[in-house]
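Asker:
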Amino acid sequence: MKSQDIDNLRTCDRILDAKNSLNNVFDPNGARKSEKFWIQAPQERSLTEKAEKEIQKLTGGNIELFTPKYYAACTLGGLLATGSTHASLTPLDLVKCRRQVDPTLYKSNMQGWRTIIAQEGFGTIFTGFGATFIGYSLQGAGKYGFYEYFKKTYGDLAGEEIATKHKTGLYLAASASAEFFADIMLCPWEAIKVKTQTTIPPYAKTMTGALKKMVGSEGFAGLYKGIAPLWCRQIPYTMVKFSSFENIVAAIYAYLPKEKEQYSSLMQTGISFTGGYIAGIFCAIVSHPADVLVSMMNAEKKATETTGQALSRMYAKIGFKGLWNGLGVRIIMVGTLTGAQWLLYDSFKVAVGLPTTGGH
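Note that my numbering gives residue 337 to position 337 of the sequence shown, counting from 1, and the numbers run on in steps of one.
(1) Do the segment 236-244 and the segment 296-307 meet, that is, are 3 or more Cβ pairs less than 8 Å apart?
(2) Write down the C-beta distance between arginine 98 and leucine 89 rounded to the nearest angstrom, noting that I regard them as a contact closer than 8 Å.
(3) With a threshold of 8 Å, are at least 3 pairs of Cβ atoms found where one atom belongs to the segment 141-156 and the other to the segment 64-73?
(4) Kindly indicate which three-state DSSP category serine 361 falls into: helix, strand or coil?
(5) One question on the structure: do leucine 337 and threonine 85 come within less than 8 Å of each other, judged by their Cβ atoms?
(6) Going by alpha carbons, who is nearest to lysine 317 out of Leu293, Leu327, Asn62?
(7) How many Å lie between leucine 230 and serine 217 at the Cα?
(8) DSSP state of leucine 22, grouped into three classes?
(9) Using a Cβ distance threshold of 8 Å, determine whether the segment 73-82 contacts the segment 339-359, with at least three qualifying pairs required.
(10) Quick one: what does DSSP say tyrosine 203 is sitting in, helix, strand or coil?
(11) Below 8 Å between beta carbons: does that hold for leucine 186 and leucine 138?
(12) Tyrosine 147 to isoleucine 63, Cα distance in whole Å?
(13) So, is glycine 339 buried or exposed, given that buried needs 16 or more other C-beta atoms within 10 angstroms?
(14) Starting from tyrosine 154 and walking both ways along the alpha helix (DSSP H), at which residues does that stretch end?
(15) Since glycine 280 contacts glycine 335 with CB under 8 Å, what's their CB separation in whole angstroms?
(16) The alpha helix (DSSP H) that contains lysine 366, what's its start and end?
(17) Looking at the unbroken alpha helix (DSSP H) that takes in leucine 293, where does it start and where does it end?
(18) One question on the structure: do isoleucine 331 and alanine 284 come within less than 8 Å of each other, judged by their Cβ atoms?
(19) Below 8 Å, can you find three or more Cβ-Cβ pairs linking the segment 193-203 to the segment 262-271?
(20) Does DSSP put phenylalanine 66 in a helix, a strand or coil?
(21) In its own chain, which residues sit with a C-beta less than 7 Å from the C-beta of alanine 204, not counting the 5 before and 5 after it?
(22) Is aspartate 183 buried or exposed, if buried means 16 or more other CB atoms sit within 10 Å of its CB?
(23) Quick one: what's got a C-beta closer than 7 Å to isoleucine 248's C-beta in the same chain, skipping five residues either side?
(24) Compare the C-alpha of threonine 356 against each of Ile116, Tyr253, Ile117 and name the closest.
(25) On the criterion of 16 or more Cβ atoms from any shown chain inside 10 Å, does glutamate 246 qualify as buried, or is it exposed?
(26) What residue does the alpha helix (DSSP H) around glutamine 341 start on, and which one ends it?
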C-alpha cells in the first residue's frame, strides 16, 4: 500500500473518532451528555451586574446619592475644605481688610506686611486666624451641604425637563438659598475677625477676649450688625462660584475626548481645581464692593446708626472708586481659595466613594 493511501486511512480514522466523540457529547433530543465541548457562561449576569458595579462605583457603594448620609458627607467635605483654606490666607486678608477700611494706611501689601511685623510683631500677621477658621468652617459646611440639598430639591420641584433645560438657573437658586443660611453661621465670626484685624491698637488679645468685649458692649445683636452687607457680598459670590464652576467644568469635559467617568480621580479633581480657580476670579469681581462695605461696617458702624445710614456715610467717604480698593489682591486670594476649596471638597468626595461635582 502506498504511503499516500496510508495517510488517507489515518485521516478517515480521525474523522470517525471525532464523530464518535460528538455522539457521546450530544443527544439527538438535545440533552447535554458532557461538559467537554461546552463554553461555560460566567456565573454573573454580565451586563446587568457590570452596570450595577459601575453605579456602586459612582455612588460609593455604602453612600446612596441624595440620602441623609450623602448630605452629611457633603457637609463634612465643605467644612474641611473651607475653614483651612480661608485661615491659611489670614496674612493676606489682614492687609486687605486694613486697606479697605483706610486706603492711606499702606501703599502696598508688601509695605503693609513689613510695617505690621516691624511695629506689632510677626505673629500679628495671623490676627483673625481663629475666628476665620471657625467661621468659614461653619459657613462651608452650610454652603456645600445645603447646595447639594437645594439643587436636588429644586430640581425635583421643577421636573426633569425644566431642570435639565435651565441648569444654570437651578445652580443659581440652590446656591443663593444655601448661602443665605450659611451666612447666619458665619456672621458672628466675621464680625470678630474684622474687628480684631482693623482695630489699631489691638481690640483684644485673643479671639475669646474679642467675643466677650463685643457682646459686653453691643450685645449679641452686635455680632449680626454686618449680616445685610454680608448677604450682599456672599450670596452673589456663591451664586457665581457654583454656577460658573458647574458650567466651566461641564465645558471642560465636553471639550475632552472621553466621558468624565473614563478619567482617573486625579484627573477629575485636577479639573475641579481648574474650574474652581477660574470661577473664583468671577466671584472676586462680583462681590468686591460688598466686601469693602462689610469690612467698613464691622469696623466703623456706630451704635446709633441704622444699616442704611451707615452704608450711605461710608459710600460718601470712599466713593465708587473706593469700592474697588484691594481688588487685585482679592482676585488672587479668592481665585486660590475657590480652586483649593473645590479641589479639597471633590477629593474628599472621591475618598468616601462619591463622584466629583459637575460634568454630569
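Virtual Cβ for every residue (Gly too), placed ideally from N, Cα, C.
Answerer: Answer, in terms of the structure:
(1) no
(2) Here residue 98 is taken as the residue at index 98 of the sequence shown, counted from 1. Here residue 89 is taken as the residue at index 89 of the sequence shown, counted from 1. Not really, about 15 Å apart at Cβ, beyond 8 Å.
(3) yes
(4) Outside the displayed span of the chain (1 to 360) sits residue 361, for which this structure offers no information.
(5) Taking the first residue of the sequence shown as position 1, residue 337 is located at position 337. Taking the first residue of the sequence shown as position 1, residue 85 is located at position 85. It is a contact, given that the beta carbons lie within the stated cut-off.
(6) Taking the sequence shown and counting its residues from 1, one reaches residue 317 at position 317. With distances taken between Cα atoms, lysine 317 lies closest to Leu293.
(7) To locate residue 230, count along the sequence shown from 1; it is residue 230. To locate residue 217, count along the sequence shown from 1; it is residue 217. The alpha-carbon atoms of leucine 230 and serine 217 are separated by roughly 21 Å.
(8) The count along the sequence shown starts at 1 and reaches residue 22 at position 22. Low per-residue confidence applies at leucine 22: pLDDT is 47, beneath 50, and the placement is therefore not dependable, though the value from the model is reported in the following sentence. Helix, per DSSP.
(9) yes
(10) Here residue 203 corresponds to residue number 203 of the sequence shown, with the count starting at 1. The answer is coil: DSSP assigns tyrosine 203 none of H, G, I, E or B.
(11) Counted from its first residue, the sequence shown places residue 186 at position 186. Counted from its first residue, the sequence shown places residue 138 at position 138. Yes. Within cutoff.
(12) In the sequence shown, residue 147 corresponds to position 147, counting from 1. In the sequence shown, residue 63 corresponds to position 63, counting from 1. Just so you know, the alpha carbons of tyrosine 147 and isoleucine 63 end up roughly 18 Å apart.
(13) Counted from its first residue, the sequence shown places residue 339 at position 339. Flag for glycine 339 reads buried.
(14) Residue mapping note: residue 154 aligns to position 154 of the sequence shown, counting from 1. Following the DSSP letters along the chain, one finds tyrosine 154 inside the alpha helix (DSSP H) bounded by residues 129-158.
(15) Position 280 of the sequence shown holds residue 280. Position 335 of the sequence shown holds residue 335. Right, the Cβ-Cβ distance comes to about 4 Å (below 8 Å), so this counts as a contact.
(16) Beyond the ends of the chain as shown, which are 1 and 360, falls residue 366; an answer cannot be given.
(17) On the sequence shown, residue 293 is found 293 positions in, with the first residue counted as 1. Residues 265-300.
(18) Start at 1 with the first residue of the sequence shown, and residue 331 comes out as number 331. Start at 1 with the first residue of the sequence shown, and residue 284 comes out as number 284. In this structure, isoleucine 331 lies near alanine 284, with their beta-carbon atoms less than 8 Å apart.
(19) no
(20) For the purposes of this step, residue 66 is identified with residue 66 of the sequence shown, where counting begins at 1. Note: phenylalanine 66 maps to coil in three-state DSSP.
(21) Mapped onto the sequence shown, residue 204 falls at position 204. Within the same chain, Thr196, Ala210, Lys213 come within 7 Å of alanine 204 by CB-CB distance, once the 5 residues on both sides are set aside.
(22) Here residue 183 refers to the residue found at position 183 of the sequence shown. The residue is buried, with at least 16 neighbouring Cβ atoms inside 10 Å.
(23) For the purposes of this step, residue 248 is taken as the residue at position 248 of the sequence shown. Here the set comprises Gly275, Ile278, Ala279.
(24) If you number the sequence shown from 1, residue 356 lands on position 356. Considering only alpha carbons, the answer is Tyr253.
(25) To locate residue 246, count along the sequence shown from 1; it is residue 246. By the 10 Å Cβ count, glutamate 246 comes out buried.
(26) Locating residue 341 in the sequence shown gives position 341, counting from the first residue. Note, glutamine 341: alpha helix (DSSP H), 327-351.
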